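Residue numbers for the sequence shown follow the numbering used here, so the first one is -16 and each next one is one higher. Contents: one structure, followed by commentary.
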Amino acid sequence: MKKLLTYTIIILVVLISGWTYLTRDKGQPKESFEAFFEIFKENYALFDVKGIDWDKEYDYYSRKINDETTDDELFNVFQEILKKLDDKHCYVYRFNEIYFSGFGLPSLNYFDLTSFDFRLPTNDFSLKLIEDKYLSDYEKSLRIKSFLPPMGIRKVFTTGWLKDSIAYIHMTEMSNKSNEVHNSIASFLEKYKNAKGFVIDIRDNIGGYSLPVKELAEYFATDTHTYAISRLRKPDSIYNFQEPEYWELKPNENSKYVNQPIALLTNRNTQSAAELFTLMMKTLPNVKIFGNMTSGVFADTHIGKLPNGWEYRLSIRKTNDWSDNVVENVGIIPNELIKNTETDLQNETDKVLDSAIDYLIGN
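As structure tokens, this is what we get:
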């Protein structure tokens, strides 16, 4: 059944992509090149963070483009440029070929995408180990069917009891299904309302949308906090931004969960919207973060198309922490830096979770 689903996904993606290819505007290398550079120049928010002189890059690559430039040559130029940006939120794709910046990978075709995963092979986290060894009476909720990497069917939330009446919740991603996220959070908080402490695990969380899951952080807040300062680019200069937006976390007026200690678990695969959630939780005095640094990918994105029909995505915001410190490319440092090894997991030990449990029992 799983193989059949995978093949069905492949066929659908190829058919859709084939239609896109047949109906697109072909050629136009100079127009598409100029559009690519102008769009990034007016909208990309992280040139200073990435240390890129965009005008210098334009001067260099514009000499390689003319009316005879082939699609392959143009696509290779775009790959070179995006590789320099080293930004996981950026990509360019044409029929049956996509290049993701920041992963150190070559371009991928759609058959490659069926096994592609935005998470790095860190081998420092196993949800199955936690389910088998650490949790009692665990359950899963919010079923997702994804035609985007990682493709397939998965459950977003895993919840259960740890020892000494500690509640556990793991989130694989930050879903945009607001109603379903709300229901899962409400069910979790009701079932574990008598917990002495909480472990919120967002290791290997690929991100997504931070606003729906913000509700969970609000239940643990006691007063209003600024958790991030975000700026949208102005088009007139690569160093000019609109007025800063102060993103706030406000307490839920119906909250009953403001006194219990909370351990938040992160690793290098905690990324994007999961990192925004980490910033939310980090502002709360009863939260302590365990694990490894987060990925360092915070910017909001924009998706558009070039004159030749190729799609691009770029980062349009610079989002800093509540003190206006740059976290893009850096990540968030946990309170206790602990790394599992592959050997730890083979020995059925999660040192990060063990440390969090010990902390919560002590509090």
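Just so you know, even glycine gets a beta-carbon here, dropped at the ideal spot from N, CA and C. Remember, predicted model here, so these are calculated numbers, not experimental data.
- Of Phe273, Leu297 and Lys33, the smallest CA-CA separation from Ile321 is found for Phe273.
- Judged by beta-carbon spacing, Val32 lies beyond the 8 angstroms limit of Asn308, meaning their Cβ atoms are not closer than that value.
- For Leu194, the number of other beta carbons within 10 angstroms of its own is below 16, and it is reported as exposed.
- Leu247 sits buried, since 16 or more C-beta atoms from the chains shown fall within 10 Å of its C-beta.
- Taking Lys116 as reference, the option from Asp341, Leu336 and Ile344 with the minimal CA-CA separation is Leu336.
- Taking C-beta atoms as the reference points, Thr261 and Ile185 count as a pair closer than 8 angstroms.
- Straight through space, the alpha carbons of Asn26 and Arg214 are spaced by roughly 12 angstroms.
- Each residue's CA atom was taken as its position, placing Arg126 and Trp305 some 33 angstroms apart.
- Trp144 sits in a strand when the DSSP states are folded into three classes.
- Along the region 183 to 255, the alpha helix (DSSP H) occurs as fully enclosed runs of 4 or more residues at 193 to 202, listed in sequence order.
- Membership of Thr326 in the alpha helix (DSSP H) is indicated by the continuous run Glu325 to Gln329.
- Phe273 carries a strand assignment under DSSP once its states are collapsed to helix, strand and coil.
- Non-local C-beta neighbours of Tyr229 in its own chain, meaning closer than 7 angstroms and more than five positions away in sequence, comprise Thr209 and Ile212, ordered along the chain.
- The beta-carbon separation of Leu145 and Val196, rounded to 21 angstroms, does not stay under the 8 angstroms limit for a contact.
- Around the beta-carbon of Tyr74, 16 or more other beta-carbon atoms lie within 10 Å, marking it buried.
- Linking Thr141 to Met154 through their CA atoms gives a straight-line distance of about 7 angstroms.
- Residue nearest to Gly279 within the set Phe16, Phe83, Ser255 and Pro290 is Ser255 (criterion: CA-CA distance).
- Counting along the chain, the unbroken alpha helix (DSSP H) around Lys334 starts and ends at Lys334 to Gly345.
- Less than 8 angstroms divides the Cβ of Tyr192 from the Cβ of Ser158.
- When beta bridges are read from the DSSP output, Leu91 appears opposite Ile81.
- DSSP lists Arg296 as the beta-bridge partner residues of Ile286.
- Counting along the chain, Leu131 sits inside no beta strand (DSSP E), nor does DSSP assign it H or E at all.
- For His153, the enclosing beta strand (DSSP E) begins and ends at Ile149 to Met154.
- At the C-beta level, Pro132 and Phe101 come within 8 angstroms of one another.
- When secondary structure is reduced to three states using DSSP, Phe181 falls in the strand class.
- Looking only at Gly87, Phe61 and Glu80, the smallest Cα-Cα distance to Lys71 is reached by Gly87.
- With 16 or more other Cβ atoms from the protein chains shown falling within 10 Å of its own Cβ, Arg77 counts as buried.
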